[in-house]
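K.L.:
Residue numbers (this note's numbering), protein chains in the order written: chain A, 73 to 380; chain B, 5 to 324.
C-beta: ideal position from N, C-alpha, C; glycine also.
The structure displayed is predicted, hence computed values, not measured ones.
Would you mind keeping the following structure in view while I ask a few things?
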Amino acid sequence: MTVEGSYLRYAHRRPGMDHERYPLENAFARSPVRWPNGARVAVWIMPVIEFFPLDMPLNLVPGGMTRPFPDYWNYTLRDYGNRVGVYRILRALDAAGFPATVAFNAVAAERDRFLVQQVLRRGWEVVGMGLDMAHLHSSAVPRDMESAWVESSLARLRTATGQPVRGWISPGLSESFVTPDLLAAAGVEYFCDWMNDELPYRFKTEAGELVAMPHSHELSDLKLIGDYGHTASQYAEQVIDSFDFLYREAAEEGGRILSLPLRPWLTGAPHRIAALERILKHIASRAGVWATTGSAILDAWREQARRA
Amino acid sequence: MTSFPREHLEADVQIIADPGLYAPWPYLDRPKIEWPGGARLAFWVAPNVEFYELNPPQGPIQPSTLWRPAPDLVNYSIRDYGNRVGFWRMLSLFDELGVRPSVSLSIAMCDHCPEIVEEMASRDWEFFSHGIYNSRYLYGLSEEQELGVIADAREAIRRASGQSMDGWLSPALTNTPRTLQLLARSGVRYTLDLFHDDQPTPLNLPDGRLISLPYSLEVNDWTGLHTSRGTPAEYAERIRDQFDRLYAEGSESGTVMCLPLHPFLIGVPHRVDHLAGVLEYILGHDGVWHATAREIAGWYVEHYLDSTVAAQRDFARDWS
Numbered sequence: 073m074t075v076e077g078s079y080l081r082y083a084h085r086r087p088g089m090d091h092e093r094y095p096l097e098n099a100f101a102r103s104p105v106r107w108p109n110g111a112r113v114a115v116w117i118m119p120v121i122e123f124f125p126l127d128m129p130l131n132l133v134p135g136g137m138t139r140p141f142p143d144y145w146n147y148t149l150r151d152y153g154n155r156v157g158v159y160r161i162l163r164a165l166d167a168a169g170f171p172a173t174v175a176f177n178a179v180a181a182e183r184d185r186f187l188v189q190q191v192l193r194r195g196w197e198v199v200g201m202g203l204d205m206a207h208l209h210s211s212a213v214p215r216d217m218e219s220a221w222v223e224s225s226l227a228r229l230r231t232a233t234g235q236p237v238r239g240w241i242s243p244g245l246s247e248s249f250v251t252p253d254l255l256a257a258a259g260v261e262y263f264c265d266w267m268n269d270e271l272p273y274r275f276k277t278e279a280g281e282l283v284a285m286p287h288s289h290e291l292s293d294l295k296l297i298g299d300y301g302h303t304a305s306q307y308a309e310q311v312i313d314s315f316d317f318l319y320r321e322a323a324e325e326g327g328r329i330l331s332l333p334l335r336p337w338l339t340g341a342p343h344r345i346a347a348l349e350r351i352l353k354h355i356a357s358r359a360g361v362w363a364t365t366g367s368a369i370l371d372a373w374r375e376q377a378r379r380a
Numbered sequence: 005m006t007s008f009p010r011e012h013l014e015a016d017v018q019i020i021a022d023p024g025l026y027a028p029w030p031y032l033d034r035p036k037i038e039w040p041g042g043a044r045l046a047f048w049v050a051p052n053v054e055f056y057e058l059n060p061p062q063g064p065i066q067p068s069t070l071w072r073p074a075p076d077l078v079n080y081s082i083r084d085y086g087n088r089v090g091f092w093r094m095l096s097l098f099d100e101l102g103v104r105p106s107v108s109l110s111i112a113m114c115d116h117c118p119e120i121v122e123e124m125a126s127r128d129w130e131f132f133s134h135g136i137y138n139s140r141y142l143y144g145l146s147e148e149q150e151l152g153v154i155a156d157a158r159e160a161i162r163r164a165s166g167q168s169m170d171g172w173l174s175p176a177l178t179n180t181p182r183t184l185q186l187l188a189r190s191g192v193r194y195t196l197d198l199f200h201d202d203q204p205t206p207l208n209l210p211d212g213r214l215i216s217l218p219y220s221l222e223v224n225d226w227t228g229l230h231t232s233r234g235t236p237a238e239y240a241e242r243i244r245d246q247f248d249r250l251y252a253e254g255s256e257s258g259t260v261m262c263l264p265l266h267p268f269l270i271g272v273p274h275r276v277d278h279l280a281g282v283l284e285y286i287l288g289h290d291g292v293w294h295a296t297a298r299e300i301a302g303w304y305v306e307h308y309l310d311s312t313v314a315a316q317r318d319f320a321r322d323w324s
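Okay, here's the thing in structure tokens:
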């Protein structure tokens with residue numbers, strides 16, 4: 073079979089990106105970012121609270137069901153994270169005095185009012201993450217249906233937490249072509265699905281501007297432990313190397329963000345939690361660290377962007 | 005009989021067991037290769053500076069970068085990170101260490117990211133073609149279409165840098181059965197698509213002087229960090245071990261070591277320092293010729309190609 077001539081016509085071969093969402097940028101040619109109190113690195117820790125329904129389609133997302141019904145293996149291991157593992161993470165964060173930004177599937181928040189209350193009483197931030205892990209936003213989902221998922225998941229999470237829910241991360245880091253438009257229309261201010269930058273940037277939608285915020289999937293326990301099979305200490309070394317590099321770079325280039333997503337079903341295991349404690353201890357031992365939430369980073373960045 | 009997918013092949017293509025790309029040439033008692041200045045190892049660095057499309061068209065074979073139906077954010081956005089963030093970190097490191105890379109360039113980078121291409125051109129980094137986009141494969145192209153892609157790449161590299169396009173690494177390592185012939189006929193001097201040797205090799209082709217130059221999938225960061233799931237420290241160890249052995253063997257006959265990189269993988273904060281460490285280690289050795297791909301291919305063709313072809317003919321006569 074030969075390829076049609078259209079395969080070799082390149083409709084978007086032009087200066088800049090091959091879409092209209094944001095302009096091409098060199099991350100090192102922008103005005104340096106200054107964090108409050110001259111901090112070098114904003115540390116943004118994001119425990120992710122997922123609900124994986126036992127009846128979800130097999131092999132849909134990392135962590136989802138993969139075995140014939142009833143896949144108790146995967147179902148209960150994920151549930152372990154929300155029953156047990158997450159409390160080890162809470163204790164480790166409390167010991168370090170660091171706040172978290174907790175991403176919730178709306179269904180997970182409704183199912184676990186105790187955990188929501190633990191998050192709220194610490195003054196931490198809640199960000200939206202769709203309905204549950206069976207509702208994967210993608211171009212296979214009709215727009216009306218996806219719009220209903222976005223609106224209902226945000227409404228339900230706002231009710232369950234009483235927070236405005238300004239931030240969003242899509243389940244399984246999957247979007248359709250219109251997800252950002254639907255998020256902006258539903259009052260989301262920032263989202264962290266695009267892993268192309270280490271600092272916030274402006275992202276165009278048909279319902280106004282969103283701010284894209286970094287999400288270190290490459291440094292996550294999901295990638296390094298769940299996907300690559302690295303040990304807990306190898307994971308800790310990489311996170312510490314990342315922090316040290318950003319800390320050093322910040323002295324020349326301006327404020328940096330260490331984004332650290334955490335899956336309680338991975339890092340919350342008894343044999344791994346010490347790795348997180350080691351990471352937090354290392355970070356807490358440095359001056360010029362701003363351990364904070366997504367909204368606080370957004371506000372600090374916006375304030376400077378407005379003045380610039 | 006095994007059945008092969010044929011949707012990317014023209015109707016008359018025969019699926020064969022041995023393509024006969026090059027002559028047998030055991031890695032024992034080969035005539036000695038010496039690199040300039042008596043160097044024993046030619047070392048070259050190959051950053052893959054690539055552009056992947058958000059919504060690539062469907063060819064006969066789905067791009068392997070599309071893990072999910074478009075938009076595949078995980079794959080698209082991390083590759084965009086390579087051009088927004090990772091590239092610039094790699095550039096500073098190369099400046100600091102005096103690295104002279106040969107760039108595996110997605111040609112459309114000249115259109116999308118001229119600033120990056122200008123930075124590289126102004127430092128006299130060498131360019132070779134890595135196809136138009138890494139999300140457009142050669143599979144299924146007619147001869148005329150494939151020659152069109154080669155000509156497109158040649159013209160874009162000339163316009164961006166004044167350089168001639170002397171080398172080729174197929175986009176996403178996709179080949180048609182006639183790619184090598186067309187490259188040779190188009191005057192390309194080295195291909196990086198074959199992985200059969202640690203020294204340059206002559207190719208069995210009707211026209212031109214195209215040789216195969218060692219690239220690497222073994223010490224490629226894609227393999228070392230991604231498909232082999234190595235930690236940065238393990239990847240650095242793999243590179244050092246590869247170098248140590250090729251360096252030792254190079255005293256018998258000069259070897260080539262290529263270090264292929266991807267800014268989206270190696271340019272993240274938890275990996276950059278490991279790259280710095282191995283580059284310092286390799287460049288700190290005497291007897292290492294840090295060259296570009298064109299320089300290595302040129303030296304080989306000038307000093308060893310004809311004698312190797314003759315020696316391989318003798319070997320075939322004695323042993324086949």
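Secondary structure at B:ILE20, three-state DSSP: helix, strand or coil?
P.N.:
Reduced to three states, the DSSP call for B:ILE20 is coil.
K.L.:
Quick one: which chain B residues come within Cβ less than 8 Å of A:ARG86?
P.N.:
Those within 8 Å of A:ARG86 in chain B are ASP115 and HIS116.
K.L.:
Does any CB atom of chain A fall closer than 7 Å to the CB of B:ARG242?
P.N.:
Output row for B:ARG242: interface = no.
K.L.:
To be precise: take each residue of the stretch 77–99 of chain B, compare its Cβ to all Cβ atoms of chain A, and keep it if any distance is under 7 Å. Which residues remain?
P.N.:
Answer in chain order: LEU77, VAL78, SER81, ILE82, ASP84, TYR85, ARG88, VAL89 and TRP92.
K.L.:
Decide if B:ASP33 is buried, meaning its Cβ has at least 16 other Cβ atoms within 10 Å, or exposed.
P.N.:
Per the 10 Å Cβ criterion, exposed.
K.L.:
Would A:SER314 pass as an interface residue toward chain B - the criterion being a Cβ-Cβ separation below 7 Å?
P.N.:
At least one chain B Cβ lies under 7 Å of A:SER314.
K.L.:
Using only alpha-carbon positions, find the residue among A:ALA178, A:ASN131 and A:ILE121 that is nearest to A:LEU162.
P.N.:
The option with the nearest alpha carbon to A:LEU162 is A:ILE121.
K.L.:
Out of A:ASP371, A:ASN146 and A:PRO119, which one is the CA nearest neighbour of A:SER292?
P.N.:
Answer by Cα proximity: A:PRO119.
K.L.:
Under the DSSP definition of a beta bridge, which residues are partnered with A:LEU330?
P.N.:
Its beta-bridge partners are A:VAL115.
K.L.:
With a Cβ-Cβ cutoff of 7 Å, do A:SER248 and A:HIS287 count as a contact?
P.N.:
Going by C-beta atoms, A:SER248 is not nearer than 7 Å to A:HIS287.
K.L.:
Thinking just about the alpha-carbon of each residue, which of B:ALA176, B:GLY63, B:THR180 and B:PRO40 is nearest to the one in B:LEU151?
P.N.:
The residue with the shortest Cα to Cα distance from B:LEU151 is B:THR180.
K.L.:
By DSSP's criteria, A:ILE121 is part of a beta bridge. Which residues make up the other side?
P.N.:
In the DSSP output, where bridge partners are listed per residue, A:ILE121 has A:PHE176.
K.L.:
Can we say the stretch 240–255 of chain A touches the stretch 211–222 of chain A, given the rule of at least three CB pairs closer than 8 Å?
P.N.:
Yes, the stretch 240–255 of chain A touches the stretch 211–222 of chain A.
K.L.:
Less than 7 Å separating the beta-carbons of B:LEU217 and B:TYR194?
P.N.:
Their beta carbons are under 7 Å apart, which means B:LEU217 touches B:TYR194 by this criterion.
K.L.:
Which residues does DSSP pair with A:ASN98 in a beta bridge?
P.N.:
Answer is none; A:ASN98 lacks a bridge partner.
K.L.:
Please decide whether A:ALA99 counts as near chain C, where near means a Cβ-Cβ distance under 7 Å.
P.N.:
Looking for chain C here will not work: the only protein chains present are A and B.
K.L.:
Leaving out five residues before and five after A:ARG228 in sequence, what residues of the same chain have Cβ atoms less than 7 Å from its Cβ?
P.N.:
Taken in chain order, the residues that qualify are ALA178 and GLU182.
K.L.:
Given that a residue counts as buried once 16 or more other Cβ atoms are within 10 Å of its Cβ, and exposed if not, what is B:TYR143?
P.N.:
By the 10 Å Cβ count, B:TYR143 comes out buried.
K.L.:
According to DSSP, B:HIS294 sits in a beta bridge with which residue or residues?
P.N.:
DSSP output for B:HIS294 lists B:PHE47 as bridge partner(s).
K.L.:
Roughly how many whole angstroms lie between the Cα atoms of A:PHE275 and A:TYR262?
P.N.:
Those two C-alpha atoms are separated by around 9 Å.
K.L.:
Who are the Cβ neighbours of B:SER255 in its own chain at under 7 Å, not counting the five residues just before and after it?
P.N.:
If we look at B:SER255 and ignore the five residues flanking it on each side, its Cβ neighbours are ARG44.
K.L.:
Between A:VAL222 and B:ARG72, what straight-line distance do the alpha-carbon atoms span, to the nearest angstrom?
P.N.:
Going by the C-alpha atoms only, they are around 20 Å apart.
K.L.:
Answer with buried or exposed for B:TYR219, where buried requires no fewer than 16 other C-beta atoms within 10 angstroms of its C-beta.
P.N.:
B:TYR219 is buried by the Cβ-count criterion.
K.L.:
By Cβ distance, which residues of its chain are closer than 7 Å to A:LEU130, with the 5 residues on each side in sequence left out?
P.N.:
Taken in chain order, the residues that qualify are MET137 and THR138.
K.L.:
Is the separation between the beta-carbon of B:ILE243 and that of B:ALA46 shorter than 7 Å?
P.N.:
For B:ILE243 and B:ALA46, no; Cβs fall outside 7 Å.
K.L.:
Going by beta-carbon coordinates alone, are B:PRO236 and B:HIS266 separated by less than 7 Å?
P.N.:
Cβ atoms of B:PRO236 and B:HIS266: not closer than 7 Å.
K.L.:
Quick one, which residues of the stretch 273–285 of chain B are near chain A if we go by CB-CB under 9 Å, in chain order?
P.N.:
Residues PRO273, HIS274, ARG275, VAL276, ASP277 and HIS278.
K.L.:
Given B:VAL1, which residues of its chain have a CB within under 7 Å of its CB, disregarding the five upstream and five downstream residues?
P.N.:
For residue 1 of chain B there is no data in the structure shown, the boundaries of chain B being 5 and 324.
K.L.:
Around the Cβ of B:GLY288, are there at least 16 other Cβ atoms within 10 angstroms (buried) or fewer (exposed)?
P.N.:
Exposed, since its Cβ has fewer than 16 Cβ neighbours within 10 Å.
K.L.:
Could you tell me which chain A residues have their CB closer than 7 Å to the CB of B:GLN149, listed as they occur along the chain?
P.N.:
Chain A residues near B:GLN149: VAL75 and LEU80.
K.L.:
Under a Cβ-count criterion, where at least 16 other Cβ atoms within 10 Å of its own Cβ denotes burial, should B:GLN246 be classed as buried or exposed?
P.N.:
It counts as buried.
K.L.:
Starting from the C-beta of B:ARG275, find all residues in its chain whose C-beta is less than 6 Å away, skip the five residues before and the five after it, and write them out in chain order.
P.N.:
Excluding sequence neighbours, B:ARG275 sits near PRO236.
K.L.:
Closer than 7 Å, CB to CB, is A:GLU247 near chain B or not?
P.N.:
Output row for A:GLU247: interface = yes.
K.L.:
For the structure I just gave you, are there three or more beta carbon pairs, one from the stretch 145–162 of chain A and one from the stretch 336–356 of chain A, closer than 8 Å?
P.N.:
Because the criterion of three Cβ pairs below 8 Å is met, the stretch 145–162 of chain A and the stretch 336–356 of chain A touch.
K.L.:
Should B:THR180 be flagged as near chain A, meaning a C-beta pair shorter than 7 Å?
P.N.:
Not closer than 7 Å to any Cβ of chain A, the Cβ of B:THR180 fails to qualify, so no.
K.L.:
Of the choices B:GLU148, B:TYR26 and B:PHE8, whose alpha-carbon is the least far from that of B:LEU214?
P.N.:
Among B:GLU148, B:TYR26 and B:PHE8, the Cα nearest to that of B:LEU214 belongs to B:TYR26.
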